[in-house]
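Each remark here refers to the structure printed beneath this line.
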Amino acid sequence: MATTAAPTAHPASPQDLQATAAALWTYVHLKVPRFTSEAALKVVEGLQPQPDEDPKLLAKRLRKALSDTGVALKHTAALDAASRILGRSSWHALNREPLTPKLKLTMVVKAPEEEFSSWHELAPRLAEWLEAWHQVKPTKV
């Protein structure tokens, strides 16, 4: 699984900030109709969100920035808004994405090392390997 992250050394382009502000405005405007696209752009410019930023931390910063503009959001709504800022459809979509592999299968025989993000992903591969090993080296039960 390969992941890429946008470089964080350079500030986001104005087009990126405007697209991010549009995503924020689209979500918040449904909850607070007086929230304007200009206010969304100011909030996003102040936040300067990074693509690899933790959505929970971004949600906290977003709540504070929005409260400074007179918009109160609950934490759950801020999580959804932060997820949209990060380019996902919702907090649940962002939360379902696998992070980094947590399990590693190292064979004692010459085989490449494999990484898996969960036991559900590892189990079929492990069963496949055990079946192949059992065919080569049968044991008495």
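Position 108 (the sequence shown) corresponds to 144 in the numbering used here; numbering is contiguous.
We put the beta carbon where it would ideally sit given N, CA and C, even for glycine.
Helix, strand or coil for residue i per DSSP?
i           : result
residue 149 : coil
residue 104 : helix
residue 73  : helix
residue 90  : coil
residue 125 : coil
residue 171 : helix
residue 84  : coil
residue 78  : helix
residue 119 : helix
residue 68  : coil
residue 96  : helix
residue 109 : coil
Thinking C-alpha only, which one of the options is nearest residue i?
i           : options             : result
residue 112 : 106, 105 and 120    : 120
residue 125 : 53, 52, 54 and 62   : 62
residue 90  : 74, 115 and 72      : 115
residue 68  : 163, 160 and 105    : 105
residue 74  : 57, 103, 83 and 170 : 57
Here's the rule: buried if 16 or more other CB atoms are within 10 angstroms of the residue's CB, otherwise exposed. What is residue i?
i           : result
residue 72  : exposed
residue 166 : exposed
residue 101 : buried
residue 127 : buried
residue 99  : buried
residue 172 : exposed
residue 129 : exposed
residue 160 : exposed
Tell me which residues share the same chain as residue i and place their Cβ nearer than 8 Å to its Cβ, disregarding the 5 neighbours each side in the sequence.
i           : result
residue 53  : 77, 80 and 81
residue 123 : 59 and 87
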